[in-house]
Amino acid sequence: MAPPSQPTEDTAAAHGPITVLGAGSFGTALAVHLARRGSDTFLWGRNADKMAAMEAARENAQYLPGCHFPARLAAVSDLAAAVRDSEDLLISTPSYALRETLESLKPLLRPDQGIACACKGLEPNTGRLVHEVILDVVGARNPIAVISGPTFAKELGIGLPTAVTIAAQDEGFTRRLVGRLHGDGFRAYSSEDFAGVEIGGAAKNVMAIGVGIADGLSLGANTRAGMITRALAEMMRLGKALGGKPETLMGLAGMGDLVLTCTDNQSRNRRMGLLLAQGKTVPEAIQEIQQVVEGVRAAPEVVRLARRLEVEMPITEAINAVIQGEITPVQAVMQLATRPARAELE
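First residue of the sequence shown? That's 128 in our numbering, and the numbers climb one at a time after it.
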């Protein structure tokens, strides 16, 4: 099985095929970009009928309409064949589905295949980081990487400029991923800081719900800026407790993704906050958004992790309390507004 391909002088064409697992909006956008850059690319999804429809239409009409598939991209549902034919794998499922996806992959993997992950979240019930879940399921025989940063799928899919951070500790795999992704307006920066990159990607979704609540309550630009700044402080405290680097959280995977997700209505998490401010319940808001809202699942895990590490995260605690139905959005704002004064850098 091989996707249709054309000769190319692009750097990415020097590498073997790559399979993107997860045919949602971001997985599809990544697959489109990889194929556009010259990698023979498989986009895998579980539903055979949906994948066949994508292949026939040459677009993901449900999640990324208008982003047509390049010639090098094939939509498939045969996992074994897609893995067998690929040099690298890139997982872009919701974070709660990561372990299940890895369990399916494990018997099919070769030791030389790299595993990259673009999931943003913590594992439900365990609070494990993405790279920890990968190591727990498949072990250390495969090189691994995580990809995060300020990336709306639609903008990536239509080729607007985008920048991400790739965290990996295998230099060869890092170079290969950068070679596949970097170019055509897409900038890929390398890092070795798994914890910093992953905490940024998980926590910013929770924070965006909070900023959405504040904006939905018409609390103004001052409040928005203050919340984003203090949210970053919370993320940096948690990242440090996990061994992450402060400069990582000040970069694309931290501040960059936080600002993006908190300030634009393409963000599902921000829209969740706006709907909660209108009085909608979490299930009602999810029904209206019609896609996974990662911050809803991440909030209790971030809170549990912070409590275990004795990291103070009042904004995160308040947002989680709203999500769990323990307090109203107005009560959450009052709770944060009436906290005692303190030094900014404590």
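Glycine included, C-beta positions come from ideal geometry on N, C-alpha and C. Quick caveat: nothing in here was measured; it's all calculated off a predicted structure.
| Item | Value |
| --- | --- |
| Close Cβ partners of A93 (< 6 angstroms) along its chain, the five nearest in sequence each way excluded | Nothing about residue 93 can be read from this structure; the chain reaches only from 128 to 473. |
| Contiguous beta strand (DSSP E) assignments of at least 3 residues, all confined to the region 173 to 209 | 200 to 203 |
| Among D176, R199, G172 and F279, nearest to L161 - alpha-carbon criterion | R199 |
| Per-residue DSSP class, three states only, for D320 | coil |
| Extent of the continuous beta strand (DSSP E) to which V98 belongs | Residue 98 is absent from the structure shown; the chain starts at 128 and stops at 473. |
| Reference D297; option with closest CA among I145, L472, G241 and T443 | G241 |
| Boundaries of the alpha helix (DSSP H) in which L436 is found, first to last residue | From DSSP, L436 is part of no alpha helix (DSSP H); its letter is neither H nor E. |
| L161 beta carbon near the ligand ZN (any heavy atom closer than 7 angstroms) | The ligand ZN is not part of the structure shown, which contains no ligands of any sort. |
| Contact between the region 346 to 364 and the region 424 to 440 (3+ Cβ pairs under 8 angstroms) | yes |
| Neighbourhood of L235 by C-beta, 8 angstroms cutoff - its chain only, sequence neighbours within 5 removed | L206, A207, V210 and R211 |
| Which of helix, strand or coil DSSP assigns to G343 | helix |
| Euclidean distance between Cα positions of G381 and G327 | 4 angstroms |
| Spatial distance of I446 from N187 (CA atoms) | 33 angstroms |
| Helix, strand or coil at G143 according to DSSP, with G and I counted as helix | coil |
| Contact set for R307: own chain, Cβ-Cβ below 7 angstroms, skip 5 residues either direction | A139, H142, I145, L161, R164 and S166 |
| Contact between the region 269 to 277 and the region 285 to 294 (3+ Cβ pairs under 8 angstroms) | yes |
| Beta-ladder partner(s) of S275, from DSSP | T292 |
| Ranges of the beta strand (DSSP E) found wholly within the region 229 to 270, counting only runs of at least 3 | 241 to 244 |
| Counted within 10 angstroms of its Cβ, other Cβ atoms place V457 as buried (16 or more) or exposed | exposed |
| Same chain, Cβ closer than 8 angstroms to R351, five either side skipped, listed in chain order | V338, A341, D342, C389 and T390 |
| Length of the line joining the Cα atoms of K367 and L432 | 13 angstroms |
| Limits of the beta strand (DSSP E) - the one that I218 falls within | D215 to I218 |
| Beta-carbon proximity of R226 to V264, cut-off 8 angstroms | yes |
| Nearest-angstrom beta carbon gap, L256 and G322 [assumed within contact, 8 angstroms] | Note that residue 322 is Ala in the sequence shown, not Gly. Indeed they touch by this definition, with Cβ atoms about 6 angstroms apart. |
| CB contact flag (I218, L148, <8 angstroms) | yes |
| Local Cβ density within 10 Å of S222, reported as buried at 16 or more and exposed below that | buried |
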